[in-house]
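Worksheet: the structure to be examined is printed underneath.
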Amino acid sequence: MTETLQTPAATEDRSAEVSVRDLTVVYRTDRGELPAVSRAGIELRAGEITGLVGESGSGKSTLALSLLNAVPAPGRIASGSVEVAGVGDVTKLEGKRLRRVRGGALGYVFQASQNSLNPLKTVGKQLLDLGRSHEVEDLQGLVRRARELAERMGLDADRVLDSYQHELSGGMRQRVGIVLALVLNARVLILDEPTTALDMISQAAVLDIVRAVHRENNLATLIVTHDMGVVSEVADRLAVMYGGRIVEHGPALEVLQRPSHPYTRALIGATARIVGDTTRARALPGRPPDLTTLATTGCVFRDRCPLASAVCEEEDPALVEWTPGRYRACHADPTGDRP
Amino acid sequence: MIEARNITRTYRTHGAFTGPRTVHALRGVDFTLPKGGAVSFIGESGCGKTTLGKILTGLETFDGGELVVDGTELSGLSPRRRAPYFRRIQMVHQDPYSALNPTRTVGQILGDPLRMRAKETGASRREQEDRAAELLELVGLQPDGVLGKYPHQLSGGQRQRVVIARALTVDPEVLIADEAVSMIDVSMRLGILSLLRDLRERLGISLLFITHDVATARYVGEGGELHVIYRGQVIERGPTDRVIQAPVHPYTQCLLSAIPVLRGIEEPGPDRLVPLASLDERTDTPGCLFAPRCPFATDACTAERPALVRLGDGAGGADDPGGADGAAGAGDAGDHRHACLHPEARHVVAVEAAV
Ligand SMILES: Nc1ncnc2c1ncn2[C@@H]1O[C@H](COP(=O)(O)OP(=O)(O)OP(=O)(O)O)[C@@H](O)[C@H]1O
Ligand SMILES: Nc1ncnc2c1ncn2[C@@H]1O[C@H](COP(=O)(O)OP(=O)(O)OP(=O)(O)O)[C@@H](O)[C@H]1O
Ligand code: SF4
Ligand code: SF4
Ligand SMILES: [Mg+2]
Ligand SMILES: [Mg+2]
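Protein sequence lines correspond, in order, to chains A and B. Residue numbering for the first sequence is 16 to 354, as defined by the working numbering. Residue numbering for the second sequence is 45 to 399, as defined by the working numbering.
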């Protein structure tokens, strides 16, 4: 934990594999273009797993897709940059170069990836296609590696490679997606809700292997989830999103122990826990915003915030480093007192 | 009150690749669900939880055992005579997105079953409308705000409340909640759980709670029982917190060990356990169903299948710890049962970190 407590200067020194700056992503709706991600900034460094949490619709998947410059229409990256080490700004890439980066330097598993396999080809065939499209010379080595990864995730590798998608259960497909993301020796790994279709035992096994592969290859990993438990099991750093903003960001243990944003505090407080007094848990009031109900002035969380005050109506709080290594976007005091 | 005795359900399938196969979805499940009580079923994917829920609501048949509802044994009755008993048992499905017809407003969604019900109760049109509003308030929704809305205009949590309100239109005595909170946003899960607890306390509705998220089973109220299913067999059961804090069956211990620990706030339990292998349905298991994956299996375990016995009744001989061990905070042993030859209490779930 202490090694992540760096001074701002040290943070700058340690080069990031991915750095997102001032990123705004909009979707075209019948009320015009509305931002799903607003001026977000985040860095993914080698050897670190970053967890990205937040309610449904907070913009997690949109942000993850932006890292691959893969936001689907009617969405587009409106401003900002995504610098990937050795590649450059991916928001400027297109065509063949972009395709080579995706699945190459940037391994990814999309949300609901259990439905993203090609139904007409066996998994093994798709693996070979993936290898060829990324100019892998040693295809046998690729298959060997895929087989090893599959076995480690509790799959019968030969059966899986010979199967079509409909012959596999949801949980098996999800693990196949993870194998395909890991097999090409990516340097950056992006996993969007990688374990939602799994039961607890399979989830624990998948998180174990993600952690192991991450460590063996010194990857920069981003895990998107709405499950605080998953994040706390694997993440070194934790970023919390609300209404398209990153509202809190810092070393995972510290954020879990001493959340500094009212939304982070509420999310942790609303988690069903296996120990402790069940009456202590509190549901969040209100409902998560969507693009059309999001406040356009002031703090986006103010309707549900127990600490909201007059200033929150007018000023959208910026994400600032309030103590070394920890960032928050809130007018109130980090300990939970009113501004 | 529902009593299920030795319910079995076997599927015989004939796949093009796999050939004829037999799936033992349920291998003899017993439980009693008292009025206002709660029984939770937990277990891995495919262990038979949904099959049980479907049998109890009459959506699926069973091929062995007895189902007794309010003293009447149902398998002897014709489907026609059974229907009124199944009316008392309503299912709340996993997916609030597909459970509601997208082309109908909330008012219409509640109106249809209320009209059907009125044929039995003789409720007037006006009474039906009042009842719709009353039910929406009961589940924590503003009638004026939502009656005219379509499902897509509601959040996941609001939709699940509508699904529950619809189940309540026929005045059920039992709700079966099959993964009723898994697909709902975290921030709204607790709200639905406390609604279920409320329905037990205020209306005396009994709850059968099916989930693979064990922690949520603690939030459906006092006095609940937890049943752990493994491949169609209940392998451990007892008071919810007792089974969570001091499980004695190695499968329960593996399942509970896999619950993510909220690091920083919690620390991993001291005896965390991992199964030796992943589930392989193809392996023949004449003895204990869990033996191929169990770290404590002995020769005796593969010889015969252990039956569900009361903890302390000596199935495990000398190493049976009995009910008296007292892992801290586990409370009264109550009626704690297990199907293991070598039961031993282990503390596997997280403990609160000293902060
Ligand atoms: N194709 C689209 N057209 C219009 N709006 C969209 C589109 N895709 C996403 N949005 C909106 O953008 C916002 C952010 O969506 P996003 O999928 O990034 O959220 P998320 O945090 O990943 O949510 P979840 O936890 O449900 O996956 C939401 O309000 C969503 O409704
Ligand atoms: N109609 C059917 N025909 C054949 N097999 C079936 C049928 N319905 C269920 N099964 C099998 O019975 C077993 C139990 O299924 P069930 O749906 O009850 O599991 P579950 O515990 O609800 O799982 P999950 O947590 O994934 O929902 C599974 O092996 C399943 O494949
Ligand atoms: S800025 Fe104001 S409304 Fe927003 S989270 Fe902080 S205290 Fe709450
Ligand atoms: S009976 Fe034997 S194999 Fe089965 S759970 Fe107990 S110790 Fe393990
Ligand atoms: Mg998403
Ligand atoms: Mg099920």
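A virtual CB, placed ideally from N, CA and C, is assigned to each residue, including glycine. As the structure is a computational prediction, the values presented were derived from the model and not from experiment.
When Cβ atoms are compared, which residues of the segment 283 to 313 of chain B fall closer than 8 angstroms to chain A?
Hits within the stretch, in order: Ile288, Cys298, Leu299, Leu300, Ser301, Ala302, Ile303, Pro304, Val305, Leu306, Arg307, Gly308, Ile309, Glu310.
Helix, strand or coil for A/Asp214, going by three-state DSSP, please let me know.
By one-based count along the first sequence, residue 214 of chain A stands at place 199. In this structure, A/Asp214 counts as coil in the three-state DSSP scheme.
For the alpha helix (DSSP H) holding A/Ser73, just list the boundary residues, first then last.
Reading the first sequence from its first residue, position 58 is the one you call residue 73 of chain A. Premise fails: A/Ser73 is in no alpha helix (DSSP H) and is neither H nor E.
Please go through the same chain and pick out, in chain order, the residues whose beta-carbon is closer than 6 angstroms to the beta-carbon of A/Met256, but skip the five residues on each side of it.
On the first sequence, residue 256 of chain A is found 241 positions in, with the first residue counted as 1. Cβ within range, chain order: Gly69, Ser73, Gly74, Lys75.
Check distances from the C-beta atoms of the segment 155 to 176 of chain A to those of chain E and list, in chain order, the residues that come in under 9 angstroms.
Of the protein chains in this structure, namely A and B, none is chain E.
So, are the CB atoms of A/Met168 and A/Val86 less than 8 angstroms apart?
Here residue 168 of chain A is taken as the residue at index 153 of the first sequence, counted from 1. Here residue 86 of chain A is taken as the residue at index 71 of the first sequence, counted from 1. Contact: no.
Just confirm the distance between the C-beta atoms of A/Met187 and B/His256, as a whole number of angstroms; I'd bet it's less than 8 angstroms.
Sequence index remark: in the first sequence, residue 187 of chain A carries index 172 (1-based). Sequence index remark: in the second sequence, residue 256 of chain B carries index 212 (1-based). So it is not a contact: roughly 16 angstroms between Cβ atoms.
Using beta carbons (cut-off 8 angstroms, strictly below), is B/Pro319 in contact with chain A?
Locating residue 319 of chain B in the second sequence gives position 275, where the first residue counts as 1. With 8 angstroms as the cut-off, B/Pro319 counts as an interface residue toward chain A.
When DSSP labels each residue in this structure, what does B/Asp285 get in the three-state scheme?
As a working mapping, residue 285 of chain B is identified with position 241 in the second sequence. Here B/Asp285 sits in helix by DSSP.
Quick one: does B/His391 have its CB under 8 angstroms from some CB of chain A?
Residue mapping note: residue 391 of chain B aligns to position 347 of the second sequence, counting from 1. No, no contact with chain A.
Since B/Val395 sits in a beta bridge, which residues does DSSP pair it with?
Within the second sequence, residue 395 of chain B is the residue found at index 351, counting from 1. Answer is B/Glu311, bridged to B/Val395.
Between the C-alpha atoms of A/Lys107 and B/Lys193, what's the straight-line distance to the nearest angstrom?
Numbered from its first residue, the first sequence carries residue 107 of chain A at position 92. Numbered from its first residue, the second sequence carries residue 193 of chain B at position 149. Rounded to the nearest angstrom, the two C-alpha atoms are 43 angstroms apart.
Just list the residues that DSSP pairs A/Gly122 with in beta bridges.
Here residue 122 of chain A corresponds to residue number 107 of the first sequence, with the count starting at 1. Answer is A/Leu204, bridged to A/Gly122.
Give me, in chain order, the residues of the same chain whose beta-carbon lies closer than 6 angstroms to that of A/Tyr278; leave out the 5 immediate sequence neighbours on both sides.
Taking the first residue of the first sequence as 1, we reach residue 278 of chain A at position 263. The answer, listed in chain order, is Tyr257, Val262, Phe316.
Can you find a heavy atom of ligand 1 that lies under 7 angstroms from the Cβ of B/His382?
Numbered from its first residue, the second sequence carries residue 382 of chain B at position 338. Flag unset: Cβ of B/His382 not near ligand 1.
Using a beta-carbon distance cut-off of less than 9 angstroms, what residues from the segment 255 to 274 of chain A approach chain B?
From the segment 255 to 274 of chain A, only Ala267, Leu268, Glu269, Val270, Leu271, Gln272, Arg273 have a Cβ closer than 9 angstroms to chain B.
Assign B/Ile208 to one of three DSSP states: helix, strand, or coil.
By one-based count along the second sequence, residue 208 of chain B stands at place 164. It is helical.
Kindly indicate if chain A contains any beta-carbon less than 8 angstroms away from that of B/Thr260.
As a working note, residue 260 of chain B is residue 216 in the second sequence. Answer yes: the Cβ-Cβ gap between B/Thr260 and chain A drops below 8 angstroms somewhere.
Which same chain residues, not among the five before or five after B/Ala341, have their C-beta less than 6 angstroms away from its C-beta?
For the purposes of this step, residue 341 of chain B is identified with residue 297 of the second sequence, where counting begins at 1. Excluding positions up to five away in sequence, the list reads Ala335.
If the criterion is Cβ atoms closer than 8 angstroms, does the pair B/Leu352 and B/Val278 meet it?
In the second sequence, the residue the question calls residue 352 of chain B occupies position 308. In the second sequence, the residue the question calls residue 278 of chain B occupies position 234. Cβ atoms of B/Leu352 and B/Val278: closer than 8 angstroms.
When a residue counts only if its C-beta is closer than 7 angstroms to some heavy atom of ligand 5, which residues count, in chain order?
Counting every residue whose Cβ lies closer than 7 angstroms to a heavy atom of ligand 5, we get A/Lys75, A/Ser76, A/Gln126, A/Asp207, A/Glu208, A/Val239.
Any heavy atom of ligand 6 within a distance shorter than 7 angstroms of the CB on B/Lys98?
Mapped onto the second sequence, residue 98 of chain B falls at position 54. It does not: the Cβ of B/Lys98 is nowhere closer than 7 angstroms to a heavy atom of ligand 6.
Using three-state DSSP, classify A/Thr17 as helix, strand or coil.
Here residue 17 of chain A refers to the residue found at position 2 of the first sequence. Confidence at A/Thr17 is low in this model, with a pLDDT of 37, below 50, so its placement is unreliable and the value that follows should be read with caution. Looking at A/Thr17 - three-state DSSP - the assignment turns out to be helix.
Suppose the cutoff is 7 angstroms on Cβ atoms and the five residues either side in sequence are ignored; what does the same chain contact list for B/Gly367 look like?
By one-based count along the second sequence, residue 367 of chain B stands at place 323. Note that B/Gly367 scores 42 on pLDDT, short of 50, meaning its location in the model is unreliable and no value can be drawn from it.
May I ask you to report which of helix, strand or coil DSSP gives B/Asp222?
Position 178 of the second sequence, counted from the first residue, corresponds to residue 222 of chain B. Strand at B/Asp222.
Step through the CB atoms of chain B and report whether any lies within less than 8 angstroms of the CB of A/Glu208.
Walking along the first sequence from the start, residue 208 of chain A turns up at place 193. A/Glu208 does not count as touching chain B.
Cβ of B/Tyr129 within 7 angstroms of any heavy atom in ligand 1?
The residue labelled residue 129 of chain B in the question sits at position 85 within the second sequence. For ligand 1, not one heavy atom lies less than 7 angstroms from the Cβ of B/Tyr129.
Could you name the residues that DSSP lists as bridge partners for B/Ser250?
Counting from 1 along the second sequence, the entry for residue 250 of chain B is found at position 206. B/Val218.
Give me the residue from B/Leu243, B/Thr284, B/His382, B/Leu252 with the minimum Cα distance to B/Thr95.
Along the second sequence, one-based indexing puts residue 95 of chain B at 51. Closest by alpha carbon: B/Leu252.
Is it the case that the segment 262 to 274 of chain B contacts the segment 284 to 291 of chain B, given that we only count it when at least three CB pairs across the two stretches are under 8 angstroms?
The segment 284 to 291 of chain B vs the segment 262 to 274 of chain B: in contact.
Between the segment 162 to 169 of chain B and the segment 32 to 43 of chain A, can you find at least three pairs of beta-carbon atoms closer than 8 angstroms?
With a cut-off of 8 angstroms, the segment 162 to 169 of chain B and the segment 32 to 43 of chain A do not count as touching, because too few Cβ pairs lie within range.
With DSSP collapsed to three states, give me the class of B/Ile303.
One-based indexing of the second sequence puts residue 303 of chain B at position 259. Coil at B/Ile303, not helix or strand.
Quick check on A/Val290 - is its C-beta less than 8 angstroms from some C-beta in chain B?
Taking the first residue of the first sequence as position 1, residue 290 of chain A is located at position 275. True, the Cβ-Cβ gap to chain B drops below 8 angstroms.
Please report how far the alpha carbon of A/Leu334 lies from the alpha carbon of B/Leu320, in whole angstroms.
The sequence position of residue 334 of chain A within the first sequence is 319, counting from 1. The sequence position of residue 320 of chain B within the second sequence is 276, counting from 1. Taking the straight line from one Cα to the other gives about 46 angstroms.
Between B/Leu185, B/Met45, B/Pro123, which lies nearest to A/Arg302 when the distance is taken from Cα to Cα?
If you number the first sequence from 1, residue 302 of chain A lands on position 287. Here the closest residue by C-alpha is B/Leu185.
To be precise: take each residue of the segment 64 to 83 of chain A, compare its Cβ to all Cβ atoms of chain B, and keep it if any distance is under 7 angstroms. Which residues remain?
Here the close residues are Glu70, Ser71.
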